[in-house]
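**Student:** So the mapping is simple: my numbering equals the position in the sequence shown, first residue as 1, plus 8. Every residue gets a Cβ at the ideal spot worked out from N, C-alpha and C, and that includes glycine. Dumping the structure here so I can ask a few things about it.
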Amino acid sequence: MKYIFVTGGVVSSLGKGLTAAALGTLLENRGLKVALQKFDPYLNVDPGTMSPFQHGEVYVLDDGTETDLDLGHYERFTHTQLTRLNNLTSGRVYLNVIEKERRGDYLGKTVQVIPHVTDEIQQRILDVAAESKADVIITEIGGTTGDIEGLPFLEAIREFALEQGPQNAMFIHVTYVPFIKAAGELKTKPTQQSVAKLREIGIFPNIIACRCEKPLDKDLRQKISMFCNVPFEAVIEAKDVDHSIYEMPLMLQRERVDQLVCDQLRLDRPAANMAHWQEIIRKLIAPQHRVRIGVVGKYIGLQDAYKSVYEAVIHGGVGNDCGVELVQVDAEDIERHGAESKLKGLGGILVPGGFGDRGIEGKIMAAQYARENNVPYLGLCLGMQIATIEFARNVLKLERAHSAEFDPASPHPVIAMLDSQLKVTKKGGTMRLGAQPCQLGMDTLAAKLYGAFVIKERHRHRFEFNNNYRDKFTKAGFVFSGTSPDGKLVEIIEIPNHPFYIACQFHPEFLSKPDQPHPLFKGFISAAHQKAHQKAL
Ligand code: GLN
């Protein structure tokens with residue numbers, strides 16, 4: 009078993025997660041089985057209770073674990089199977105340690121950060137190793153070196169790597185080399201300082217990946233090599249990618265990062281064949297077609313809040329050789345200026361998941377606009393609930409129809425709380441979560457897109473379609489095309505006699521990859537492109 013630890017220096021948001029994921033792609037394409045894992049130094053037990061404003065999207069795994077969005081990158085870039093073991097927060101570590109203490113597992117001892125907290129962290133690496141049976145485990149440490157709260161993790165991996173030996177464990181430090189305009193040059197000092205900080209703790213990086221906006225010339229590489237104590241060829245230029253994050257594996261390959269890793273860890277594997285990946289990039293950079301897709305949400309302008317949604321839309325584009333221009337529409341702007349002014353000319357409209365009532369009316373207006381103007385519509389989770397409310401109000405004429413989440417006094421709560429949620433009082437990890445089977449109806453758009461009748465998709469919600477209204481909706485032509493196998497929970501709805509109007513209670517965006525676009529997104533982009541094309545003719 010080989011171990012790679014990815015740390016970050018100078019500032020956050022350097023793309024450590026993407027670097028880890030892209031390295032995973034390369035190692036997989038060298039025929040290695042790879043597992044990825046993320047350690048997060050904050051005290052929440054998981055990110056499930058954090059707002060997207062704090063932390064970006066919450067990514068959900070098959071087993072229902074609510075995780076950091078970097079795990080989404082891991083699943084999109086590799087074929088690794090992630091579980092609750094693959095994301096560990098300080099909160100979880102301390103919770104485990106304190107529960108053990110209360111049980112008496114440490115009876116007689118003083119419980120301390122070293123060794124008890126660090127042991128708990130190391131055990132998690134071993135657990136992932138045992139569960140995944142991977143050849144290589146890549147562990148990303150969240151936060152930035154120098155943070156007080158990250159120290160136990162760094163100490164844990166230092167000890168762990170020492171025990172494994174230099175041929176079995178290595179460190180990659182992702183750092184920042186800023187371009188200072190006034191001086192007209194890239195500066196290496198922050199990198200030197202963050203590496204010095206790591207070395208103080210006893211971690212000596214084997215590779216330094218330098219994020220930079222301008223090329224890192226030979227002199228600078230030499231300087232970093234000299235002052236950070238790494239070989240010249242292990243100073244990597246990680247320049248901002250031009251078009252797409254999916255260029256990352258190719259960029260790391262050009263910089264020979266996977267070769268350096270294989271040399272260090274004594275992995276004798278042939279070079280990665282990335283031809284299929286190059287074809288994906290070709291479709292991203294020079295697609296045959298183009299379409300504009302509006303995403304109507306409330307966390308617009310926050311790049312990370314709908315991460316998986318944006319990625320899945322782009323994958324849907326790859327599946328159609330179609331470049332997607334994402335137009336981020338603020339739902340409250342629709343409320344202020346009307347749907348037409350914000351949505352006219354778009355090839356498709358997507359309403360993603362969400363919580364809380366801000367912008368809800370704008371989203372309902374967007375769904376109505378899509379339905380009435382034959383614009384392809386894809387609704388995800390809240391987006392399905394929105395489509396339902398819109399249909400109830402404007403087609404069934406059920407006045408003040410709403411979701412009980414937003415209007416508990418509505419005379420027509422067409423979206424109501426799941427029975428299983430009625431007794432739930434705690435907020436952390438208590439929604440309907442994770443992969444659940446769904447049965448698709450014959451002759452439905454859903455079955456046609458999936459090419460199957462039983463599917464499995466990931467969930468994260470507390471509310472659902474209210475079955476008291478099923479007959480009314482069915483009579484008016486609203487189709488319940490997917491339900492839980494017992495027929496009780498509505499999972500997919502669609503409106504026929506429309507070019508493409510489909511919405512689901514689950515989150516298909518979590519299962520899409522660039523080389524395996526999700527069928528709902530692929531179908532959506534195909535319909536959107538056809539619609540735009542027809543208009544052009
Ligand atoms: N707020 C809605 C619910 O809890 C939708 C959740 C979501 O979009 N993830 O059911």
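1. How about F47 and L79: are their beta carbons less than 7 angstroms apart?
2. Who are the near neighbours of L224 in its chain, counting only those whose CB is closer than 7 angstroms to its CB and skipping five residues on each side?
3. Below 8 angstroms on the Cβ atoms is my contact criterion, and I expect T199 with V18 to pass it. Report the Cβ-Cβ distance as a whole number of Å.
4. Please name the residue or residues paired with Q261 in a DSSP beta bridge.
5. Taking 8 angstroms as the threshold, find out whether the stretch 38–52 comes into contact with the stretch 65–85 through three or more Cβ pairs.
6. Is the closest heavy atom of the ligand GLN to the C-beta of H467 under 6 angstroms?
7. Determine the closest residue to H506 out of A375, H526, Y307 and Q444, with distance taken between C-alpha atoms.
8. Compute the beta-carbon to beta-carbon distance between L44 and A30, rounded to the nearest angstrom, for a pair I have assumed lies under 8 angstroms.
9. Over what stretch of residues does the alpha helix (DSSP H) that includes V19 continue unbroken?
10. Tell me, which residues are paired with D48 by DSSP?
11. Considering only the beta carbon of each residue, do I145 and A138 sit closer than 7 angstroms?
12. Can you tell me whether E407 is buried or exposed? The criterion is at least 16 other CB atoms within 10 Å of its CB, across all chains shown.
13. Roughly how many whole angstroms lie between the Cα atoms of E517 and E499?
14. Leaving out five residues before and five after F414 in sequence, what residues of the same chain have Cβ atoms less than 6 angstroms from its Cβ?
15. For S428, which option in A177, E340, F235 and T438 has the closest C-alpha, if you only look at C-alpha atoms?
16. Whose C-alpha, out of M373, F363 and N328, is nearest the C-alpha of R344?
17. Curious, which full-length beta strand (DSSP E) runs of at least 3 residues does the stretch 383–445 contain?
18. Please report how far the alpha carbon of I503 lies from the alpha carbon of T147, in whole angstroms.
19. At what residues does the alpha helix (DSSP H) containing F161 begin and finish?
20. Ends of the alpha helix (DSSP H) at Q200?
21. Just tell me which of F363, I211, L115 and G72 has its CA closest to the CA of F61.
22. Throw me the rounded Cβ distance for the L426 and E472 pair, which I believe falls under 8 angstroms.
23. Express the C-alpha separation of L457 and Y67 in angstroms, rounding to a whole number.
24. Give me whichever residues DSSP pairs with I357 in a beta bridge.
25. Can you tell me whether DSSP reads S59 as helix, strand or coil?
26. Taking its Cβ as the centre, do 16 or more other Cβ atoms sit within 10 Å of A164, making it buried, or is it exposed?
27. Our contact map puts P384 next to A535 with C-beta atoms below 8 angstroms; I'd like the distance itself, whole angstroms only.
28. Would you mind giving the Cβ-Cβ distance between G324 and G331, rounded to the nearest angstrom? I have them listed as a contact below 8 angstroms.
29. Looking only at its chain, what residues have a beta carbon closer than 6 angstroms to the beta carbon of G72, apart from the 5 residues adjacent to it on each side?
30. Any idea what DSSP makes of V321, helix, strand or coil?
31. Using 8 angstroms for Cβ pairs, my map puts S233 next to V243. What's the rounded Cβ distance?
32. What I want to know is whether the C-beta of F440 ends up closer than 6 angstroms to one or more non-hydrogen atoms of the ligand GLN.
**Tutor:** Result, derived from the coordinates:
1. No.
2. V185, L194, C218 and E245
3. 7 angstroms
4. Per DSSP, none; premise fails for Q261.
5. yes
6. Outside the cutoff, so no.
7. A375
8. Contact flag wrong, Cβ pair sits at about 11 angstroms.
9. Neither: V19 is in no alpha helix (DSSP H) and is coded neither H nor E.
10. Residue pairing from DSSP places D48 in a beta bridge opposite T97.
11. no
12. With fewer than 16 other Cβ atoms inside 10 Å of its own Cβ, E407 counts as exposed.
13. A straight line joining the alpha-carbon of E517 with that of E499 spans about 15 angstroms.
14. D365 and I368
15. T438
16. M373
17. List check, beta strand (DSSP E) in window: 385–388 and 421–425.
18. Cα-Cα distance, rounded: 45 angstroms.
19. L159 to Q172
20. K197 to I209
21. Selection F363, I211, L115 and G72 evaluated against F61 yields F363 as nearest (Cα-Cα).
22. 5 angstroms
23. 24 angstroms
24. G302 and Y385
25. coil
26. buried
27. 4 angstroms
28. Their Cβ separation, rounded to whole angstroms, is 11 angstroms, which puts G324 and G331 out of contact at 8 angstroms.
29. L441 and G442
30. helix
31. 5 angstroms
32. Phe is not the amino acid found at residue 440; the sequence shown has Arg there. Because no heavy atom of the ligand GLN lies under 6 angstroms away, the Cβ of R440 does not count as near it: no.
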